[in-house]
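Residue numbers (our numbering): 25 to 304.
All C-beta atoms in this analysis are idealised placements derived from N, C-alpha and C, irrespective of residue type, glycine included.
These figures come from a predicted structure and were not determined experimentally.
Okay, so here's the structure we're looking at.
Quick look at the structure:
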C-alpha cells in the first residue's frame, strides 16, 4: 500500500505550474460549509487545464457534485475562491453571471430533454440564451440556429433522428442529444454530472468517447463526475479523487492502473493518496 500511495504522488498535475498555460478553472482553498458540521468541500485547491478532460471520482457524498456546482455559481464557497475563465465566480451577479454561464455548458445523468418535442427542437434550446422578446417566449429559432442544430446532431451521429420525438430515443441517444444541445452554447467549459450513470456499458463508452473527441476538436475543458474507474482511466487526461470533501488523489491517467485509482473507495478514512489536499 505504501509503495502504491507514493507512486500516486509522482505525476501531480499541479507541479511545475510556472511552465504551464493559464488554467480554465482554478479553486484556491475552497471550503463549503453546509452547517451542522457538514463540509461539502474542505480546503480544496486544484485547477483544470484548458482543452483537457478531468474526471472526478469518489463515493456518493464525497464532494464531486458540490465542486461542479461551484463552477457555474449554483453554490458559493464559504471561504476560498473559484475562478472560471479568469473570472471570480462568487463575485458575479445578475447579467455578469448569466454571461459567464453561457460559456459553461452542463449535461446531467437524466438528460433533461423535453420528451414530446423533436430532437431538433431540443438541441435548439441550447441557444435560448441568445433569443430576446417574442422569439424567446415562443421559442422561435432563426433558420441559422436550426441549421446549426442539424450540424451538431450530425456531429453526434443523430442527424437522421432530428424530427423524431426525443422520448422515443434510447438512453445513450438521449445523452448524445444533450451533448449536441450543450454544444449549441459554444461553451469553453463543459460540466458533466454523472453523464453515464443511467447508461449500459456500451452506451457509456460511446458517450465518453464522444466527449473525448469533442474536447480535442474544440479545445473544450471537460470536467465530469463518474463512479466507473476504468472509464475514467480510458477516456480522461486526469483523475481527481475526492473523499469527504478533500482531494485524496490527483494524477494524470498515463500509466495509472484501475486498482490504484480504486484506492479512493477502499483506503481507510483520512489516508492521503496525493501530494496535497488529503487529511494526514
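For the putative contact between residue i and residue j, defined by C-beta atoms under 8 Å, what is the C-beta separation to the nearest angstrom?
| i | j | result |
| --- | --- | --- |
| residue 243 | residue 75 | 4 Å |
| residue 194 | residue 77 | Residue 194 to residue 77, Cβ: 24 Å. No contact. |
| residue 18 | residue 197 | Residue 18 lies beyond the range of the chain shown here (25 to 304); nothing can be said about it. |
| residue 203 | residue 226 | Not confirmed; about 17 Å, so no contact. |
| residue 235 | residue 216 | 7 Å |
| residue 68 | residue 270 | 7 Å |
In this structure, does DSSP put residue i in helix, strand or coil?
| i | result |
| --- | --- |
| residue 153 | helix |
| residue 217 | strand |
| residue 81 | strand |
| residue 107 | strand |
| residue 94 | helix |
| residue 52 | strand |
| residue 320 | Because the chain is modelled from 25 through 304, residue 320 falls outside the range shown and cannot be assessed. |
| residue 114 | helix |
| residue 189 | strand |
| residue 178 | helix |
| residue 284 | helix |
| residue 124 | helix |
| residue 266 | strand |
| residue 63 | strand |
| residue 138 | coil |
| residue 102 | coil |
| residue 76 | coil |
| residue 224 | coil |
| residue 248 | strand |
Between the C-alpha atoms of residue i and residue j, what's the straight-line distance to the nearest angstrom?
| i | j | result |
| --- | --- | --- |
| residue 82 | residue 149 | 32 Å |
| residue 278 | residue 154 | 40 Å |
| residue 281 | residue 257 | 8 Å |
| residue 65 | residue 126 | 25 Å |
| residue 95 | residue 262 | 18 Å |
| residue 52 | residue 104 | 6 Å |
| residue 34 | residue 272 | Interpretation of residue 34 is limited by its pLDDT of 41, a score under 50 that renders its predicted location unreliable; the figure taken from the coordinates is listed afterwards. Roughly 14 Å between the two C-alpha positions. |
| residue 122 | residue 223 | 31 Å |
| residue 124 | residue 49 | 12 Å |
| residue 166 | residue 152 | 11 Å |
| residue 214 | residue 60 | 32 Å |
| residue 286 | residue 260 | 15 Å |
| residue 178 | residue 101 | 39 Å |
| residue 211 | residue 205 | 11 Å |
| residue 120 | residue 106 | 15 Å |
| residue 164 | residue 201 | 19 Å |
| residue 284 | residue 114 | 35 Å |
| residue 296 | residue 289 | Unreliable positioning characterises residue 296 in this predicted model, as indicated by a pLDDT of 42, which lies under 50. A coordinate reading is not provided. |
| residue 252 | residue 118 | 37 Å |
Under 7 Å between the Cβ atoms of residue i and residue j?
| i | j | result |
| --- | --- | --- |
| residue 264 | residue 116 | no |
| residue 129 | residue 254 | no |
| residue 132 | residue 245 | no |
| residue 86 | residue 267 | yes |
| residue 191 | residue 233 | no |
| residue 207 | residue 176 | yes |
Counting contacts by CB-CB distance shorter than 7 Å, is residue i in contact with chain D?
| i | result |
| --- | --- |
| residue 81 | Among the chains of the structure shown, chain D does not appear; only one protein chain is present. |
Q. Touch check for the stretch 88 to 95 and the stretch 45 to 60: three-plus C-beta pairs under 8 Å?
A. yes
Q) Does the stretch 134 to 144 come within contact of the stretch 187 to 203, defined as at least 3 CB pairs closer than 8 Å? A) yes
Q: Please determine if the stretch 165 to 182 and the stretch 96 to 110 are in contact, where contact requires at least 3 C-beta pairs separated by less than 8 Å.
A: no
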